[in-house]
Amino acid sequence: MTEYEPAAVIPLPALGGADERDWRELALCAQVDPELWFPASGQPNRKAKLVCSWCDAQADCLAFALRANEQYGVWGGLSPEERRRLRRRQREAASVAVEVEGEAA
Ligand code: SF4
């Protein structure tokens with residue numbers, strides 16, 4: 249079995265590269281109270297998610313958070329739990345892709 253390769257599922261920008269600087273320049277959260285993105289445990293994050301849904305950097309922001317394994321706050325419109333579920337689905341999809349590839353070979 250091939251080792252899990254997350255980049256095979258979603259292409260991720262390099263950390264600290266030019267792509268990272270580009271998407272951060274588009275970040276709408278830089279123009280709003282940043283505490284909305286880091287609510288206390290059990291507090292709603294609806295406002296942050298709404299702003300994320302309007303943000304041109306959403307896809308790159310989410311890719312960054314997944315690559316950096318951000319554990320706190322809303323990134324790319326997803327909460328930490330939603331990102332954990334997404335990573336789990338990515339691992340499952342990568343695993344199935346490897347199986348299908350092995351069967352086709
Ligand atoms: S998607 Fe959300 S957290 Fe990411 S840069 Fe945009 S507003 Fe900020």
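Each residue of the sequence shown is one higher than the last, beginning at 249 in our numbering.
Every residue, glycine too, gets a C-beta built ideally from N, C-alpha and C.
Predicted model, so just to flag it, every value in this text is computed and none were measured.
Check, Outcome
"Could you compute how far the alpha carbon of S301 sits from the alpha carbon of V344?", "30 Å"
"Any heavy atom of the ligand COA closer than 8 Å to the beta-carbon of R272?", "This structure lacks the ligand COA; its bound ligands are the ligand SF4."
"Measuring CB to CB, does G325 end up less than 9 Å from K295?", "no"
"Buried or exposed: which applies to L274, given that a residue is buried once 16 or more other Cβ atoms fall within 10 Å of its Cβ?", "exposed"
"Cα separation between E329 and V280?", "23 Å"
"Check the DSSP bridge columns for W323 and list the partner residues they point to.", "L326"
"Pull up the distance between the alpha-carbon of R337 and that of A353, whole angstroms please.", "24 Å"
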